[in-house]
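Number of protein chains: 2
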Amino acid sequence: MTLPRILTRYRAQVKEGLLKSLKGKSLLYAILRYGVGLEDERGTPAKNMGKLLRPSLVLFTAEELGGEIEEALPGAVALELIHNFSLIHDDIQDCDETRRGKQTVWSLYGVAQAINAGDLMQALAVAQAVRAGEEAVAALVDATVEMIEGQGLDLAFEGKEVKVDSYLQMIDKKTGALIRCAFRLGGLFAGAQRDVIEGLVEMGRELGRAFQIRDDLLGVWGNREITGKPQGSDIRRRKKSLPVAIALACASGEEQALLREVYAKEEIADNDVKRVITVMEHLDVCKTGEEQVTHYLKCATHQLAELPFSEQGREDLQELIDYLARREK
Amino acid sequence: MTLPRILTRYRAQVKEGLLKSLKGKSLLYAILRYGVGLEDERGTPAKNMGKLLRPSLVLFTAEELGGEIEEALPGAVALELIHNFSLIHDDIQDCDETRRGKQTVWSLYGVAQAINAGDLMQALAVAQAVRAGEEAVAALVDATVEMIEGQGLDLAFEGKEVKVDSYLQMIDKKTGALIRCAFRLGGLFAGAQRDVIEGLVEMGRELGRAFQIRDDLLGVWGNREITGKPQGSDIRRRKKSLPVAIALACASGEEQALLREVYAKEEIADNDVKRVITVMEHLDVCKTGEEQVTHYLKCATHQLAELPFSEQGREDLQELIDYLARREK
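As you go down the protein sequences, you meet chains E and H in turn.
Take 1269 as the starting number for the first sequence in our numbering and just add one per residue.
Take 1269 as the starting number for the second sequence in our numbering and just add one per residue.
1. When you compare the CB of Gly-1303 (chain E) with every CB in chain H, is at least one pair closer than 8 angstroms?
2. If you draw a straight line from the C-alpha of Glu-1348 (chain H) to the C-alpha of Arg-1505 (chain H), how long is it?
3. Can you check whether the C-beta of His-1357 (chain E) is within less than 8 angstroms of a C-beta belonging to chain H?
4. To the nearest angstrom, how far is the alpha carbon of Ala-1513 (chain H) from that of Val-1553 (chain H)?
5. Do Leu-1423 (chain H) and Asn-1352 (chain E) count as a contact pair if the criterion is CB distance below 8 angstroms?
6. To the nearest angstrom, how far is it from the Cα of Met-1250 (chain H) to the Cα of Lys-1555 (chain E)?
7. Please determine if the region 1294–1312 of chain E and the region 1385–1400 of chain E are in contact, where contact requires at least 3 C-beta pairs separated by less than 8 angstroms.
8. State the DSSP-derived secondary structure class of Glu-1309 (chain E), mapped to helix, strand or coil.
9. Could you check the C-alpha separation between Ala-1330 (chain E) and Val-1464 (chain E) for me, to the nearest Å?
10. Please report the straight-line C-alpha distance between Ala-1400 (chain H) and Ala-1340 (chain H), rounded to a whole angstrom.
11. Near Thr-1372 (chain E), which residues of its chain fall below 7 angstroms by C-beta distance, leaving aside the five closest residues on each side in sequence?
12. Would Ala-1391 (chain H) count as contacting chain E if we go by Cβ distances under 8 angstroms?
13. Could you pull the start and end residues of the alpha helix (DSSP H) that Thr-1270 (chain E) belongs to?
14. Taking 8 angstroms as the limit between beta carbons, can you name the residues of its chain near Lys-1296 (chain H), skipping five residues before and five after?
15. Where do the N-terminal and C-terminal ends of the alpha helix (DSSP H) with Tyr-1564 (chain E) fall, by residue?
16. Report back the beta-carbon spacing between Gly-1305 (chain E) and Gly-1318 (chain E) to the nearest angstrom; my notes put them in contact at under 8 angstroms.
17. Report the residues of the region 1377–1406 of chain E with a CB closer than 7 angstroms to any CB of chain H, ordered along the chain.
18. Do the CB positions of Asp-1502 (chain H) and Gly-1557 (chain H) come within less than 8 angstroms of each other?
19. Could you have a look at Lys-1293 (chain E) and say whether DSSP puts it in helix, strand or coil?
20. To be precise: take each residue of the region 1288–1314 of chain E, compare its Cβ to all Cβ atoms of chain H, and keep it if any distance is under 7 angstroms. Which residues remain?
21. Sorted by chain position, which residues of the same chain lie with C-beta nearer than 6 angstroms to Lys-1441 (chain H)'s C-beta, five sequence neighbours on each side aside?
22. Have a look at Thr-1443 (chain E) and Gly-1343 (chain E) and give me their C-alpha separation to the nearest angstrom.
23. Please say whether Val-1541 (chain E) and Leu-1527 (chain E) have beta carbons closer to each other than 8 angstroms?
24. Taking only the alpha-carbon atoms, compute the straight-line gap between Arg-1273 (chain H) and Ala-1568 (chain H) and give it to the nearest angstrom.
25. Leaving out five residues before and five after Glu-1307 (chain E) in sequence, what residues of the same chain have Cβ atoms less than 8 angstroms from its Cβ?
26. Cutting at 7 angstroms between CB atoms, please list the residues of its own chain near Phe-1451 (chain E), excluding the five before and the five after it.
27. From E:Ala-1393, E:Ile-1337, E:Glu-1309, E:Val-1405, pick the residue whose C-alpha is nearest to that of Leu-1290 (chain E); which is it?
28. Counting contacts by CB-CB distance shorter than 8 angstroms, is Leu-1325 (chain E) in contact with chain H?
29. Buried or exposed: where does Ile-1494 (chain H) fall if 16 or more other Cβ atoms within 10 Å of its Cβ makes it buried?
30. How about Val-1409 (chain E): is its C-beta nearer than 8 angstroms to some C-beta of chain H?
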């Protein structure tokens, strides 16, 4: 699947910015470069950085609204560092051993150094944001607080049945906060009016939901070769993602009992994963989820219509929206 | 032992500031209030906050050099939050189950939420610093980066023999960074001249070393009733603190072999702790350590003489210095 222009155009600059911000000599900085995918475990340059969605959105929005890329870059890099710090710590919390097809930081360097590496990345993100000015620091730290609160909700979901509403509240914080922040930072760096920034943030809200729900669908039905994660991995990890919330809301007595039985287990076997997927497929959970993705992306398109973007900018963002609906990783 | 005036005078204001910055309603904020010692595990107000050395130094220095307490308070609170976030994560990394005589955050709420709680506390610290202005954020984040680099060195010491020099480099970062930052922030909030701030930071460097070395001595010879930690706890945890570095540097063949044998073990038994303490006492390690504390505190007193403090301020800081030499917790 071809990447949309927004995700390719700024890649080199973001990579450069990340390299600069993580150029320290000690082991800890090598761990961080491995964590963001700039280097492999031997310190050899690698190309494993993920989509760079958030910094690309900062730079695209800033540029589209008349700002300068160079001024927006530190804020964009800061946001990507916050995202990556959260991944390092999430992987410890979820005991995930693989990300982007490679060993996670904790599984390679141990839990203690991984906690420390994530802490450093959070601090380095703020150091970058300081270069972007006071408003950028404030926006970044607000989003960071909200993201961590969302992660707290997610962790609190363990061992509980989660309703679709609570799930949406959680992802609005955990995933949505940084995506909204990307648009906010872009608007700030372009010196946009308050109502424009509000419109951008609203669009970010819809995109954030669509993005996370698509992620959840990939966590069950994604292709291992493409996602870098085993199929059904979210089920194996008993993750309370949208597919489970939908399945529990739609399931009849017998199927509901099966879901509860599996999710009550300490360890979920391959066969259990298959049984859960069978129930989900019988309930058309994937289709319901895809409809939700389509719904939120439509809302984003509506918001986009209100924004003072150029024709080309509108096309670029629409291309990204279409990509987010279909993405396979 | 009576607390020095600097550690009692600002306590109520710092407590108020901490309460305000951690007033959120969700579980995560309750965990943070427990972590800093504002509440017990049932959410009942508690008095278990530790010495509040760092924020007290910020406020004392600011006031002494003509600044306003109210303006300096957010920065002081921010620094205490950074210190406490590091304690929450350190306790996970060191598998410590007790701090200040109570269960550590991870041992009460689990590792996943403890990682998340520490992350939130780091972000909330920055949010406080934002209220104190751009220079404060920059000073705080630089100190945070240095502290975490120091923690990285400390973790890297595991399984290695540590020389006194490397040990001092490590504590200059891990402990020294925040203490130097306390003086720097105090100077900034008072609008002090650059050379005064440099003098303050130099004094902080000496105090930081004395403080950490005293801490290390307490980690071996401290009284459990007073420190809240079992005696010899740093030996049991195989922590590469100054007493071990001194002992290894001074020990003869047989004693060195004993130290190496014990520190190579996976688990250190009560009897091993006793054997190590016997060797250390034979080598007069405690006295050597105390001499170092005295040395660095003397250097701090020399620095103090150069600073434009009032007579009363000089007396107050000297009282603190004398306390740091003798403190038992």
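Glycine included, C-beta positions come from ideal geometry on N, C-alpha and C.
Please read these numbers as outputs of a predicted model, since none were measured by experiment.
With the given structure in hand:
1. no
2. 26 angstroms
3. yes
4. 10 angstroms
5. no
6. Because chain H spans 1269 through 1597 in this model, residue 1250 (chain H) falls outside it and cannot be assessed.
7. yes
8. coil
9. 12 angstroms
10. 7 angstroms
11. Asp-1359, Asp-1364, Glu-1365, Thr-1366
12. The beta carbon of Ala-1391 (chain H) falls within 8 angstroms of a beta carbon belonging to chain E, placing the residue at that interface.
13. Counting along the chain, no alpha helix (DSSP H) covers Thr-1270 (chain E), and no H or E run does either.
14. With the sequence shown as reference, residue 1296 (chain H) is identified as Leu, and Lys is not the correct amino acid for it. These residues qualify, in order along the chain: Gln-1381, Asn-1384, Ala-1385, Leu-1388.
15. 1553–1574
16. 6 angstroms
17. Ala-1380, Gln-1381, Ile-1383, Asn-1384, Asp-1387, Leu-1388, Gln-1390, Ala-1391, Leu-1392, Val-1394, Ala-1395, Val-1398, Glu-1402, Val-1405, Ala-1406
18. no
19. coil
20. Residues Ser-1294, Leu-1295, Leu-1296.
21. Here the set comprises Glu-1414, Glu-1417, Gly-1418.
22. 18 angstroms
23. no
24. 18 angstroms
25. Ala-1298, Arg-1301, Pro-1313, Ala-1314
26. Leu-1325, Thr-1329, Leu-1468, Val-1469, Met-1471, Gly-1472
27. E:Ala-1393
28. no
29. exposed
30. yes
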